[in-house]
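With the first letter of the sequence shown counted as 1, position 317 gets the number 332 in this note's numbering; the numbers rise by one all the way through.
All C-beta atoms in this analysis are idealised placements derived from N, C-alpha and C, irrespective of residue type, glycine included.
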Amino acid sequence: MEKNIKVLSKEEGGMLVEYNERKVLLLHGSPYQMGYVHGKLFKDHVKEVVKTFIKGANEHKPGILEERLKLTEGYILDRYKEEMKGLAKGAELSEEEILLANVFPEAFHCSGVALFGNATADGSLLHGRILDYAVKSGLQDHPAIILAKPDGYNGFINVTVAGLIGSVTGMNDKQIAIGEMGLSHDGNFAGVPMTLLVRRALEEAHTLDEALSIFKNSVRTCGYCYVISDGKIPDARALTCTYDVMDTAKPGEGLPGFPGSPPKDVVMISKDERYVALLNAVNKYYGKIDKDILIEIMKRPVSMESNLHNAVFEPQKLKMWLAIAQNPDVENFQACYQPYYEYDMNELMKAF
Numbered sequence: 016m017e018k019n020i021k022v023l024s025k026e027e028g029g030m031l032v033e034y035n036e037r038k039v040l041l042l043h044g045s046p047y048q049m050g051y052v053h054g055k056l057f058k059d060h061v062k063e064v065v066k067t068f069i070k071g072a073n074e075h076k077p078g079i080l081e082e083r084l085k086l087t088e089g090y091i092l093d094r095y096k097e098e099m100k101g102l103a104k105g106a107e108l109s110e111e112e113i114l115l116a117n118v119f120p121e122a123f124h125c126s127g128v129a130l131f132g133n134a135t136a137d138g139s140l141l142h143g144r145i146l147d148y149a150v151k152s153g154l155q156d157h158p159a160i161i162l163a164k165p166d167g168y169n170g171f172i173n174v175t176v177a178g179l180i181g182s183v184t185g186m187n188d189k190q191i192a193i194g195e196m197g198l199s200h201d202g203n204f205a206g207v208p209m210t211l212l213v214r215r216a217l218e219e220a221h222t223l224d225e226a227l228s229i230f231k232n233s234v235r236t237c238g239y240c241y242v243i244s245d246g247k248i249p250d251a252r253a254l255t256c257t258y259d260v261m262d263t264a265k266p267g268e269g270l271p272g273f274p275g276s277p278p279k280d281v282v283m284i285s286k287d288e289r290y291v292a293l294l295n296a297v298n299k300y301y302g303k304i305d306k307d308i309l310i311e312i313m314k315r316p317v318s319m320e321s322n323l324h325n326a327v328f329e330p331q332k333l334k335m336w337l338a339i340a341q342n343p344d345v346e347n348f349q350a351c352y353q354p355y356y357e358y359d360m361n362e363l364m365k366a367f
């Protein structure tokens with residue numbers, strides 16, 4: 016066991032550890048095992064998140080989660096259903112409650128950027144990911160930083176909230192990092208839930224091309240954008256995906272409908288004036304960007320008022336730096352103003 020990893024609690028199939036003063040959930044084994052440990056060791060947090068999601072959805076539109084579940088359940092892989100069964104058992108909730116929370120249909124207003132080569136100070140690939148979402152609902156009190164090593168699949172680190180098995184921010188042990196952004200809700204939810212599509216890509220993709228193929232060939236739902244990077248090459252792509260169209264931008268190319276193209280060796284996604292602010296900052300620091308400069312670039316106005324978490328990945332080193340929002344009652348509560356903590360996948364993997 017590494018000196019900076021302290022075991023807090025343990026079950027067959029995983030453990031909760033303290034790593035660099037932050038809690039990390041280490042999961043391995045079968046889908047059911049991983050789900051059970053997640054639910055058991057994060058029980059109170061899981062219950063609170065599930066209650067928040069179901070209550071919030073019903074206040075918005077009674078029955079909306081049940082509607083979405085009917086449309087998506089047939090597209091959810093059996094291994095994820097098994098993991099959610101284990102999660103329900105461990106957290107002492109019904110399987111339906113866990114399923115409903117995991118198809119929670121909301122737009123994530125986010126940003127993302129991947130830079131390498133001429134854009135960064137030393138040529139290494141950096142991938143910045145901004146999640147702007149629902150801080151006022153208290154999700155920042157229930158973060159789940161999970162290092163998972165599922166039987167037969169890639170290991171990966173996932174930044175999520177307790178009770179959710181999908182991913183919107185993650186990196187696998189093959190140096191693939193992924194972040195997403197909401198694009199549009201066009202009414203088509205009959206397909207793979209977005210978070211489970213990202214999770215599948217992390218688990219199965221060994222290369223950038225394999226990740227792109229998973230997004231292209233899956234039955235997608237409504238509109239999302241993605242930045243996918245591969246530290247091995249290095250290279251990256253920005254995507255806009257709806258249920259029937261997938262547009263891809265190579266470094267230096269802009270996506271349809273976005274205000275301008277990034278410079279060479281850069282891909283990026285954001286919305287409107289935030290895209291312009293991000294593009295201006297990248298151009299300003301082009302060729303000098305390192306982890307600390309990227310963290311500065313990701314502050315407001317690129318991050319939104321609702322900024323829940325920010326991550327910077329350096330896939331070639333399998334490292335992530337993560338900041339999580341505080342309570343919105345305090346000044347500058349957004350994640351972009353909080354300390355960033357380092358997570359080294361190579362170190363954490365040794366704890367298994």
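Whole-number beta carbon distance between residue 29 and residue 43, since they are thought to touch under 8 Å: 6 Å
Beta-carbon spacing of residue 166, residue 360 below 8 Å: no
Beta carbon proximity, residue 321 to chain B, threshold 8 Å: Given the protein chain composition of this structure (a single chain), no chain B is represented.
Residue 383 versus residue 180 - alpha carbon distance: For residue 383 there is no data in the structure shown, the boundaries of the chain being 16 and 367.
Cut-off 7 Å between Cβ atoms - residues of its own chain near residue 302, not counting five sequence neighbours on either side: 133, 134
Uninterrupted alpha helix (DSSP H) stretches inside the region 244 to 309 (no shorter than 4 residues): 287 to 300
Where residue 79 sits in the DSSP three-state scheme: helix
Residue 361 - DSSP class collapsed to helix/strand/coil: helix
Per-residue DSSP class, three states only, for residue 228: helix
Test item: CB-CB of residue 163 and residue 171 under 8 Å: yes
Rounded C-alpha distance that separates residue 156 from residue 342: 8 Å
Cβ-Cβ separation, residue 218 to residue 168 (assumed contact under 8 Å), whole Å: 4 Å
Alpha helix (DSSP H) runs wholly inside the region 80 to 125, at least 4 long, in chain order: 93 to 106, 110 to 117
Opening and closing residue of the beta strand (DSSP E) in which residue 175 lies: 171 to 176
Alpha carbon of residue 297 to alpha carbon of residue 109, nearest angstrom: 47 Å
Local conformation of residue 339 per DSSP, three classes: strand
Bounding residues of the beta strand (DSSP E) (the contiguous stretch that carries residue 144): 141 to 147
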